[in-house]
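These protein sequence lines are chains A and B, in that order. Take the first sequence: its letters are residues 12 to 361, numbered as in the working numbering. Take the second sequence: its letters are residues 12 to 361, numbered as in the working numbering. Report on the structure given below.
Protein chains: 2
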Amino acid sequence: MPIGYVLTKNMTKKSHSVTIRQVAQKAGVSVATVSRYINQNAPISKDVADRLKMVMTELRYVPHAAARQLASQKTRVVGLLLNTLHNDFFVPLLNGIEAVVRKHEYNLVIATYLLGSRDMPPPIGPHNTDGLLIFSDGLSDDDLASLHDRNFPMVLVHRTPPDSLKIPSVTVENKRISFELINHLIKVHGRKRIMLLRGPIHQEDSYWRETGYKAALEANGIPFDEKLVLNGDFERHTAYNVLHEFIATEKQISFDAVFTGDDDAAIGVLKALHEHGYRVPEEVSVVGFDDLGFSAFLTPPLTTVSAPTETVGRIAAEQLFSLFDKQYPEDDVTLLPTELIIRRSCGCTS
Amino acid sequence: MPIGYVLTKNMTKKSHSVTIRQVAQKAGVSVATVSRYINQNAPISKDVADRLKMVMTELRYVPHAAARQLASQKTRVVGLLLNTLHNDFFVPLLNGIEAVVRKHEYNLVIATYLLGSRDMPPPIGPHNTDGLLIFSDGLSDDDLASLHDRNFPMVLVHRTPPDSLKIPSVTVENKRISFELINHLIKVHGRKRIMLLRGPIHQEDSYWRETGYKAALEANGIPFDEKLVLNGDFERHTAYNVLHEFIATEKQISFDAVFTGDDDAAIGVLKALHEHGYRVPEEVSVVGFDDLGFSAFLTPPLTTVSAPTETVGRIAAEQLFSLFDKQYPEDDVTLLPTELIIRRSCGCTS
DNA sequence: CCAGTTACAGTAACCGGTTACATTATTTCA
DNA sequence: TGAAATAATGTAACCGGTTACTGTAACTGG
């Protein structure tokens, strides 16, 4: 060996993490046995089990998630795909989902996916989750179809599946209750110039609420006036801006009520109305949707629709876990009931 | 070969997913080259790159996350550990965090960890994340120390590190502003029997707000009265129940103001007061903390403290990513400024 | 008493990437 | 112009688990 010869050191990666082989060695068993103990999927003798338990706590062994995932081809992760989370609506939804996910000892990863950012695959999908909860328009129809073809477990939330794709869907009753809400404004409070603040375009809740709104107008012989329709996105700041702008520039257009689309937007609407000196509900009725936690405490208390959002989250998550067991829910779309909540902002005195 | 010989079929796992080797083969290169192309960490000739791009889209290739994680020893996931998420407070926090995480093209996994559930390792940790954002008392001091010893990247949110552990921490100014808030009630509105609705015990914000409260009383020569302290948890339903109970059973104890601890609790407080016929702010002043989205719209509009919660989330996340690059923030604890927001519920007329 | 089960455990291939090391062709530059 | 540096790629060992396949001993029933 020539002088100056340099040993090629095996610079072992300083992965300090304890591995299953170390556990196996220390306990005097094979790695397979350790694995079986961890997963409880094969009988292990009592004393080996006890020994492993000791060794594992002593070594502070925690199985490496990625290694398990790679070997077992399952991630024990469910993904929640949203388009935005600028809305208090997500608190109850997330609560429902998280509770179920935790119960099943899965992890929950949250991602927002702007429909604009194409050409980039969504951050979560089959490569890093076992299934997806897809909120509203969190994913395009095409992507949905593509995942469906690959038989990837998914449940839609507040959105029904496109075409005839068999994807379970959990949402709430929008149209009938919106009809009743608007009907209430007309019949009880004599409102005739009811403004509609839309939600995001192409959003289903938004669509059905608008449909119910129109149906109520028609049922009462009130002509639909395009000028009374504003475009919002279920977001309080947008709502404020849009209405503020409207009032400032379209003074000649009168209105005596606002259907805000959802309660978050209602906050913005109330603020704009207040700042412009409209008295609610004397001059203008305001009604929302969702009955969020704060809605009963607004000025005035908000007439709205109670939607079981936490339950939506819970059921959607449960259905996803059922899909993991190849159990398809009875009904393709689970439509949860909604309920009229009459408070002060429509003009009622309760 | 004897008759009846049975071939041991290589029942290939029907893992339909496209692998890097398929891409490599189809593009006529080695897997190493594909890997290099994906990670852009070594020069690739133009035409090979083009070819790979085509093949990858054609095959709809998406790298298997677990395999990458296992091989590279990094997960590209940050974990957010909460104790609960029953609070609208999390919406802005989550927003701030998510924005940063997405910018870095990482994934965000959310877990709630009940401090009670010991003997079970937290659902997220070094085995499945590159770093943790730990909210409040989402993890015990011991666990914190243990992770710190292993040099695991963490940033604390709304909590300062125990002992002398060098863990970056991002939170808001609580004590001084609470002092000012209570001082306002006393000096401006002549309140003397100010009730304190505590947050969760051992929660730092709660502690400092209480400290500020006591300091203000003392500075004004008002004796601290233990009877005026109620235990809440920053949650509207608890707040409602606790105050409701108090009013029902302790009629003889008078009070003329309530410091609700946070705005979410303020909702419950307002409801309870309203139901029992107290007029706010004429008879009782109510003040909160956080200035959540709805606070300006409560009945009456809530006097509170504006806390830059979204910024807290953003900065905490940024600091975590800095830690990934071995950059420790200048200050151990980043204390974000808070601001008094005077509205109607304290008695002011604005 | 023996064939057929069952309980328990070990060996080693495999999951789908990353990367150290080796190799060849092409530049760069003294 | 020849040595050294650089560019572009390939080979194969690994990452840390899971599990198919085997093997042995104890048990069971006829």
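Positions of the beta carbon are idealized from the N, C-alpha and C atoms, including for glycine. Nothing here was measured: the structure is a model prediction, and the numbers come from that model.
A direct Cα-to-Cα measurement between leucine 347 of chain A and methionine 65 of chain B gives close to 45 Å. Contacts with chain B at 9 Å (Cβ-Cβ) include alanine 307 of chain A. By the Cβ-count criterion, threonine 315 of chain A is buried, with 16 or more other Cβ atoms from all chains shown falling within 10 Å of its own Cβ. Just so you know, the alpha carbons of proline 54 of chain A and proline 132 of chain B end up roughly 24 Å apart. For alanine 53 of chain B, the secondary structure class from DSSP, reduced to helix, strand or coil, is coil.
Here the alpha carbons of alanine 78 of chain B and isoleucine 193 of chain A stand approximately 54 Å from one another. Residue-level contact check: leucine 119 of chain B touches chain A, since one or more beta carbons of chain A fall below 9 Å from its beta carbon.
Listed in chain order, the beta strand (DSSP E) elements of length 3 or more contained wholly in the segment 119-149 of chain B are 142-146. A contact between stretches requires three or more CB pairs, one per stretch, nearer than 8 Å, and the segment 251-266 of chain B fails this requirement with the segment 148-167 of chain B. Assignment of beta-bridge partners to aspartate 301 of chain B by DSSP yields B:Ser317. Judged by DSSP in its simplified three-state form, arginine 113 of chain A adopts helix.
For leucine 63 of chain B, the CB contacts under 8 Å within the same chain, skipping 5 residues up- and downstream, are Val34, Ala38, Val40, Thr44, Val45, Tyr48, Ile55 in chain order.
Residue range 165-168 is occupied by the beta strand (DSSP E) that includes leucine 167 of chain A. Listed in chain order, the beta strand (DSSP E) runs fully inside the segment 82-111 of chain A are 88-93, counting runs of at least 3 residues. In the DSSP assignment, leucine 347 of chain A is bridged to A:Val183. Here alanine 283 of chain B is buried. Its C-beta has 16 or more other C-beta atoms within 10 Å. Taken in chain order, the members of the segment 304-328 of chain A whose beta-carbon sits within less than 8 Å of a beta-carbon on chain B are Gly304, Phe305, Ala307, Phe308, Leu309, Thr310, Pro311, Pro312.
In this structure the segment 326-340 of chain A does not touch the segment 298-308 of chain A; the number of beta carbon pairs closer than 8 Å is below three.
Taking 9 Å as the threshold, the shortest C-beta distance from threonine 123 of chain A to chain B falls below it.
Here DSSP, grouped into helix, strand and coil, assigns valine 40 of chain B to coil. DSSP places serine 189 of chain B in the helix class (H, G or I) of the three-state scheme. Nearest to histidine 97 of chain B by alpha-carbon distance, out of B:Ile178, B:Thr310, B:Asp275, is B:Asp275.
Looking at the DSSP output, methionine 206 of chain B sits in a beta bridge with B:Val269. Contact holds between the segment 98-112 of chain A and the segment 316-327 of chain A, because three or more Cβ pairs, one in each stretch, are under 8 Å apart. Close to lysine 114 of chain A, with beta-carbon spacing below 8 Å, lies no residue of chain B; the smallest spacing is near 12 Å. Taking a 10 Å sphere around the C-beta of alanine 328 of chain A, we find 16 or more other C-beta atoms and assign the residue as buried. With a threshold of 16 other beta carbon atoms within 10 Å, alanine 122 of chain B meets it and is buried. Those residues of the segment 61-85 of chain A placed with their C-beta closer than 7 Å to a C-beta in chain B are Val73, Pro74, His75, Ala76, Ala77, Ala78, Gln80, Leu81, Gln84, ordered along the chain. Chain-ordered, the chain B residues with CB closer than 9 Å to the CB of leucine 105 of chain A read Leu96, Phe101, Leu105, Ile121. Non-local beta-carbon contacts of valine 88 of chain B in its own chain, meaning distances under 7 Å to residues more than five positions away in sequence, involve Tyr117, Asn118, Val120, Asn139, Thr140, Asp141 in chain order.
Residue burial is scored here from C-beta neighbours: aspartate 244 of chain B has at least 16 other C-beta atoms within 10 angstroms and is therefore classed as buried.
Here DSSP, grouped into helix, strand and coil, assigns isoleucine 278 of chain A to helix. Beta-bridge annotation (DSSP): leucine 309 of chain A is paired with B:Leu309. For the 9 Å CB-CB criterion, leucine 92 of chain A and leucine 143 of chain A form a contact. With contacts defined by Cβ atoms closer than 9 Å, aspartate 216 of chain B and serine 147 of chain B form a contacting pair. Not one beta carbon of chain A lies nearer than 9 Å to the beta carbon of serine 56 of chain B.
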